[in-house]
Amino acid sequence: MATLSDEALKQKIEKGHLIETTEEMTEGYKKALIQILLVQADTELMSAPSYYMAARSAPSMNTRLSAYAVIQDELGHAHITYQLLEDLGMDKEYLIYGRKPHEFKNPYGFDQPLETWVELVVANAYFDRAGITLLGDPFENTSYGPWKRSLVKIDKEELFHLRHGEVWMKRLCEAGGQAKEEIQRAADWMFPMGVEWFGMPDHLKRHTAQLEYKLKGKTNDELRQIWLSAVVPLSESCGIHVPAHFDEAQQEYVLDYEFPVDYDPSQKRWKFDSPVSWDQVFERWKKRGPYNEIYVKSIQKHYKDFMAMLNGGN
Amino acid sequence: MSTNFETVHDLPESCQQAVYDLILAVADSKHLLGLRYGEWLGAPVLESSIAASAMAQDEFGHSRLFYSLVDDFVQAGLPQRQEVPSEYRNIEVLDQPFESWTDFVAANALVDAALLVQLEAFRNSSLMPLRRFVPKLIQEEVFHLQHAQGWMSLMTNTSEQSRSALQQAIRKIWDPILCWLGKPQSDSEKALLGAGIQDIDSDGLRTRWMEQVGPLVEQGHLDLPVSNDTITGEWILGSSLNWDGWDESFRRASKTGPDAETFAQIECFSTHSYPVGT
Amino acid sequence: MLPTTLNESQIWEALKEVEDPEMPISLVDMGMVFDVSVEGANTKIQLGLTATACPAIDFIFYDIRERLKKEGCEDIEIELVWDPPWTKERISEEGRFILSTWGLSV
Ligand SMILES: [Fe+2]
Ligand SMILES: [Fe+2]
Chain A
1 MATLSDEALK QKIEKGHLIE TTEEMTEGYK KALIQILLVQ ADTELMSAPS
51 YYMAARSAPS MNTRLSAYAV IQDELGHAHI TYQLLEDLGM DKEYLIYGRK
101 PHEFKNPYGF DQPLETWVEL VVANAYFDRA GITLLGDPFE NTSYGPWKRS
151 LVKIDKEELF HLRHGEVWMK RLCEAGGQAK EEIQRAADWM FPMGVEWFGM
201 PDHLKRHTAQ LEYKLKGKTN DELRQIWLSA VVPLSESCGI HVPAHFDEAQ
251 QEYVLDYEFP VDYDPSQKRW KFDSPVSWDQ VFERWKKRGP YNEIYVKSIQ
301 KHYKDFMAML NGGN
Chain B
1001 MSTNFETVHD LPESCQQAVY DLILAVADSK HLLGLRYGEW LGAPVLESSI
1051 AASAMAQDEF GHSRLFYSLV DDFVQAGLPQ RQEVPSEYRN IEVLDQPFES
1101 WTDFVAANAL VDAALLVQLE AFRNSSLMPL RRFVPKLIQE EVFHLQHAQG
1151 WMSLMTNTSE QSRSALQQAI RKIWDPILCW LGKPQSDSEK ALLGAGIQDI
1201 DSDGLRTRWM EQVGPLVEQG HLDLPVSNDT ITGEWILGSS LNWDGWDESF
1251 RRASKTGPDA ETFAQIECFS THSYPVGT
Chain C
2001 MLPTTLNESQ IWEALKEVED PEMPISLVDM GMVFDVSVEG ANTKIQLGLT
2051 ATACPAIDFI FYDIRERLKK EGCEDIEIEL VWDPPWTKER ISEEGRFILS
2101 TWGLSV
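Protein chains in written order, with the working numbering: chain A, 1 to 314; chain B, 1001 to 1278; chain C, 2001 to 2106.
Shown next, in the form of structure tokens:
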């Protein structure tokens, strides 16, 4: 561990110094870094089974191929990120195959079933946009060198996912009819999911270790604005209604509902007339969504038995 | 030296059906193999989940090229096949998902090797569009066999349990895969050789297959019906193949096709109403 | 804009600005452009894909057409070539250098 104090480390980082090894870190820095990397790794990993579920209903060989390419990328991103965690002294194998479903730190959105190819399209447009927004920030701002460099490939591939989502969203909406209706239905539950992705608003929570150590550079609300400024115009250009608009007076995007609100996962429906507290949101997240166990099991299903057999058990 | 054919339209009528049958059998087998590989997000190591997904895409990419030839046949007047499971001509062992990672490894080694030797027999094919894309496919298959070999040697070297589990998994699929390489002296084999579509007969394909698989079997001390003649160095099949009920045009004994859940994934291609093309 | 004809080296220059949708270098540096030929107003491009399963064919074709449209080229034919197959050796020195600075290897 670093011989530097936390304050001295923060000053060094402030001057633009990149941290390269654990020797340079303080306990606090390392803890915050592990926390943020674990969220990323788990998110990448759990996006794979949810995208795969949707890929099963792909309407053509080419669209299934693109979906598989996205899935492979996400597994690759997870691999890169768990490797970063291993370099920090964590056990990669345990993180992937040893943890209980509720211990995975992926956002609530990837605890949901993606039931159709259209939902995959909207997920690529909305959720991968959230991913790019969240990862573009550390790519630009993070003080941890190895993470910053790992994001080159990841960000480039995420751009492909995003383009895949946006292009198909536009094409399906231009076709109109049932295809467009399906996009609208998907957007109805996935847009607010994306809004929630960025967490608590700044007036409730501003100073975090992640910002102080410059692991990332932007606040939740700043990131949410970046996401909205991409997703709202995209949706509008497709003729898809989303509950948000640009407010001329405030010069920013504002939501057309009181945030946060309650969600019924069994109906995939937001109850816009039932605003809730953030404590209630955290409780819902903690309880996990309906596909948390299914997705985690689909990754872990064969590991234990196979390894036992390989090592001479039955 | 036989003539080359720039398109499937140019094929003599006497061999058209046999070529169509083989092309469709390869296309369907690669399509189904892609679906099977793609199911393995839960390989025992993340690296292999990634590899499985990559191999799945390769298989889709290959089947896409073979299906484009199938389309040319339909253009040339052959009937479009019906979209029902029983019309699918994939290697039988791909009808259902692999039950275990051991089954995955067995198929990765045996099925991929069978498809590879078939591709290699197309290298000098008289059917030019086929001959042009085949080297790229063979190049991509190198990685598939490396992946299978890595797991086979791990499983045969680590414990008796894993060695014998692998042996059992391979036994299960051994015969249908060897049969898939074609029935000796069949009319279709004669047609394929006569027109120069492939440059080696079915027994020759089996020998090449054994050259791929045999060394792995030997190194792993697996008890399987293949052995190396110490004098000639040739690989010899130690059992005779059972051709009862074999349909050479489908390259299957049973005509059930993929199971319902698998077929649902294929059926999406023809039942949707999205503007996606193919 | 009036349809114009670029000569072959100008087309190569323009294609050097079309990025591979999955890699941070151009199609030319990836070694994917096998041949460019111009005949009258018609431009023919032979393209080798890095993989048969390329999920981005759609995007690559679109990006090429859009870039050349900016130069006034409208009549563009893109042909996929498999023979000879694309290999890693086709990546240019410059491409290799850029990839290595990003910590990427192909
Ligand atoms: Fe990702
Ligand atoms: Fe993504």
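Here a beta-carbon is modelled for each residue, glycine too, at the ideal position from N, C-alpha and C. Because the structure is a prediction, the values reported are computed rather than measured.
With a threshold of 8 Å between beta carbons, is M2032/C in contact with chain A?
no
For I1231/B, which three-state DSSP category applies?
coil
For M2001/C, name the three-state secondary structure that DSSP assigns.
Legend: pLDDT at M2001/C = 48, less than 50; position of this residue unreliable, value from coordinates given subsequently. Coil.
Do you know offhand how far W117/A's Cα is from W197/A's?
22 Å
Under 8 Å by Cβ, that's how I've got A2056/C and E2022/C pegged, so tell me the actual separation to the nearest angstrom.
6 Å
Through-space distance from G1220/B to E2094/C, alpha-carbon basis
45 Å
Tell me where the beta strand (DSSP E) around S2037/C begins and ends.
V2033 to E2039
Out of curiosity, what's the CA-to-CA distance linking M25/A and H17/A?
12 Å
Does chain B have any CB closer than 8 Å to the CB of S60/A?
yes
Touching by the beta-carbon criterion (3+ pairs, under 8 Å), the segment 255-269 of chain A and the segment 162-179 of chain A
no
What number of angstroms, rounded off, separates the C-alpha of H77/A from the C-alpha of T1271/B?
34 Å
Can you tell me where the beta strand (DSSP E) with Q2046/C in it begins and where it stops?
N2042 to L2047
DSSP state of E2019/C, grouped into three classes?
strand
At which residue ranges does the segment 160-195 of chain A contain complete beta strand (DSSP E) runs of 3 or more residues, listed in the order of the chain?
none
Could you check if I154/A belongs to the surroundings of ligand 1, using beta carbon to heavy atom distance under 7 Å?
yes
I'd like to confirm the pairing. Which residues does DSSP put opposite D247/A in its beta bridges?
E252/A
Quick one: which chain C residues come within Cβ less than 9 Å of S66/A?
P2055, A2056 and D2058
For E157/A, which residues in chain C fall below 9 Å Cβ to Cβ?
E2022
N- and C-terminal bounds of the alpha helix (DSSP H) containing E1952/C
A query on residue 1952/C cannot be resolved here, the shown segment of chain C reaching from 2001 to 2106 and no further.
Give the single residue among I226/A, D279/A, V276/A and S274/A whose Cα lies nearest to the Cα of Y253/A.
I226/A
Going by C-alpha distance, which of K1255/B, S1186/B, G1038/B and H1144/B is nearest M53/A?
G1038/B
Measuring only between beta-carbons, confirm whether K1136/B sits less than 8 Å from chain C.
yes
Would you check if the distance between the CB atom of I132/A and the CB atom of L1041/B is smaller than 8 Å?
no
Tell me whether the segment 117-130 of chain A and the segment 269-277 of chain A touch, counting them as touching only if at least three CB pairs, one residue from each stretch, are closer than 8 Å.
no
So, does the segment 1135-1151 of chain B touch the segment 1044-1055 of chain B, judging by three or more C-beta pairs under 8 Å?
yes
Residues near A125/A by beta carbon distance below 6 Å, same chain, minus five either side:
G165, E166 and M169
Can you find a C-beta in chain A that's less than 8 Å from the C-beta of S1068/B?
no
Among L114/A, F104/A and R149/A, the one whose alpha carbon lies nearest that of S2100/C:
R149/A
For D2059/C and R163/A, which I take to be in contact (beta-carbon distance under 8 Å), what is that distance rounded to the nearest angstrom?
Checking the sequence, you will find Phe at residue 2059/C rather than Asp. About 6 Å separates the two Cβ atoms, so the contact holds.
Beta carbon of E74/A: closer than 7 Å to some heavy atom of ligand 2?
yes
Per-residue contacts from F1133/B into chain E (C-beta, under 8 Å):
Looking for chain E here will not work: the only protein chains present are A, B and C.
Is the beta carbon of L1241/B less than 8 Å from the beta carbon of L1178/B?
yes
Any beta carbon from chain C within less than 8 Å of H1062/B's own beta carbon?
yes
Under 8 Å, Cβ to Cβ, is there at least one residue of chain C near E1065/B?
The question names Glu, but residue 1065/B is Leu in the sequence shown. So yes, L1065/B belongs to the interface.
Would F191/A be called buried (16 or more neighbouring beta carbons within 10 Å of its own) or exposed?
buried
Does DSSP put I2078/C in a helix, in a strand, or in coil?
strand
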